[in-house]
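Working notes, beginning with the structure itself.
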Amino acid sequence: MEESIIHYSVCPVCGSDQINHAITAKDYTVSQKEFEILECAKCTLRFTQDVPDTNSIGAYYKSENYISHTNSSKGFINSIYHFVRKLTLGDKRRLIAAATGLKNGKLLDIGAGTGAFVQNMQYNGWQTTGLEPDEETRKRAAVLHKVNLLPADVFYSFPAESFNVVTMWHVLEHVHDLHNYIEKLKDVLKPGGLIFIAVPNYTSYDAKVYNKFWAAYDVPRHLYHFSPESVRQLFALHGLNVQSIRSMFYDSFYISLLSEKYKNGSSLRGFFTGLISNMKAFVNKEHCSSVIYIINRP
0 MEESIIHYSV
10 CPVCGSDQIN
20 HAITAKDYTV
30 SQKEFEILEC
40 AKCTLRFTQD
50 VPDTNSIGAY
60 YKSENYISHT
70 NSSKGFINSI
80 YHFVRKLTLG
90 DKRRLIAAAT
100 GLKNGKLLDI
110 GAGTGAFVQN
120 MQYNGWQTTG
130 LEPDEETRKR
140 AAVLHKVNLL
150 PADVFYSFPA
160 ESFNVVTMWH
170 VLEHVHDLHN
180 YIEKLKDVLK
190 PGGLIFIAVP
200 NYTSYDAKVY
210 NKFWAAYDVP
220 RHLYHFSPES
230 VRQLFALHGL
240 NVQSIRSMFY
250 DSFYISLLSE
260 KYKNGSSLRG
270 FFTGLISNMK
280 AFVNKEHCSS
290 VIYIINRP
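Sequential numbering of the sequence shown, starting at 0, is according to numbering that gives the first Met the number 0.
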């Protein structure tokens, strides 16, 4: 089947035509193709140009190297990823409890991968629904974590005000139908509910160091490359407010290790880049390699 692409003439967030070339990045995971990344002068979003559309993008996820869809710990980078994932499960649960003031409730996790977070929240008393687009990954989740994940297209069938919490851990950057998706996020949220969205941050120190080799560009699977300002503007367009921001310090190490591998063929020096990035983010959390945005409806 011939691949169909999306060619942007305006910014997919704010609609500005003030878009310019930023960098060209390579898909190191699947295709080895290069993709242009543009930047909007108005809202500061970066986005991948000529990205495969919804019917064509699936081929770019079909790889044993696509780490969120596998439970393999083969190799140093995979081992780091799965070790960090276990550490952060509790951190995420405690963050949700502190931000919402709830010990349990109804939670929707979008892009659940192999279901580790869904399992953890269910075990701790939350009524948790997980959505995952990839059928094989849903099957792995049932075996590995004993959770029944639903197909991603079920999202639009949920009634209004269904959930106290919606989580998207490194998912929003993959969503083609961005604005309609955010409207539905707002619709399914109960009064007083919160949305937790984690995305990479291209304004971080490690992103600047590695430039086109920065692993979190992850073209073409990452359609958008967010800055804190672009996230604020995006959600404000939908009547939503970024209530607070949290740093994801572990991500700086993982991303820097992988970026170093792409750039120089080995990983270890990336640890020091991640450390420096975290030191800078400790002063200003908006410069962390990955950021969690806690979003409410005023």
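Just so you know, even glycine gets a beta-carbon here, dropped at the ideal spot from N, CA and C.
Under the Cβ criterion (8 Å, minimum of three pairs), the segment 146-158 counts as touching the segment 101-120.
A residue is called buried once 16 or more other Cβ atoms fall within 10 Å of its Cβ, and Val142, having fewer, is exposed. The continuous beta strand (DSSP E) containing Gln242 extends over residues 240-246.
Per the DSSP secondary-structure output, Thr136 pairs with nothing in a beta bridge. Excluding residues up to 5 positions away in sequence, Tyr209, Phe212 lie with their Cβ nearer than 8 Å to the Cβ of Lys262 in the same chain. As computed with DSSP, Ala24 is found in a beta bridge with Phe34. Judged by DSSP secondary structure, Val230 falls within the alpha helix (DSSP H) whose first and last residues are 227-235. Counting every other CB atom within 10 Å of its CB across the protein chains shown gives Leu86 a total below 16, marking it as exposed. A distance below 9 Å separates the beta carbons of Phe225 and Tyr201. Between Leu106 and the set Gly112, Met167, Thr53, Ala151, the nearest pair of CA atoms involves Met167. Cβ contact annotation for Ile244 (same chain, cutoff 8 Å, sequence separation greater than five): Pro227, Lys284, Glu285, Val290, Ile291, Tyr292, Ile293, in chain order. The beta strand (DSSP E) runs of length 3 or more contained entirely in the segment 156-214 are, from start to end of the chain, 162-168, 188-199.
A straight line joining the alpha-carbon of Pro51 with that of Lys279 spans about 35 Å. For Asn119, the secondary structure class from DSSP, reduced to helix, strand or coil, is helix.
Taking every protein chain shown into account, the CB of Gly192 has 16 or more other CB atoms within 10 angstroms, so this residue is buried. Val290: not part of any alpha helix (DSSP H); member of the beta strand (DSSP E) spanning 289-295, first to last residue. A distance of 9 Å or more separates the beta carbons of Cys287 and Ser229. Between the alpha carbons of Gly112 and His20 lies a gap of roughly 32 Å. About 16 Å separates the beta carbon of Glu160 from that of His237, a gap too long to meet the 8 Å contact definition. The alpha-carbon separation between Gly124 and Glu1 amounts to approximately 46 Å.
In chain order, Thr23, Gln48 place their CB closer than 6 Å to the CB of Glu35, counting only its own chain and leaving out the 5 sequence neighbours on each side. Pairing Val164 with Leu130 gives a Cβ-Cβ distance that is not under 9 Å.
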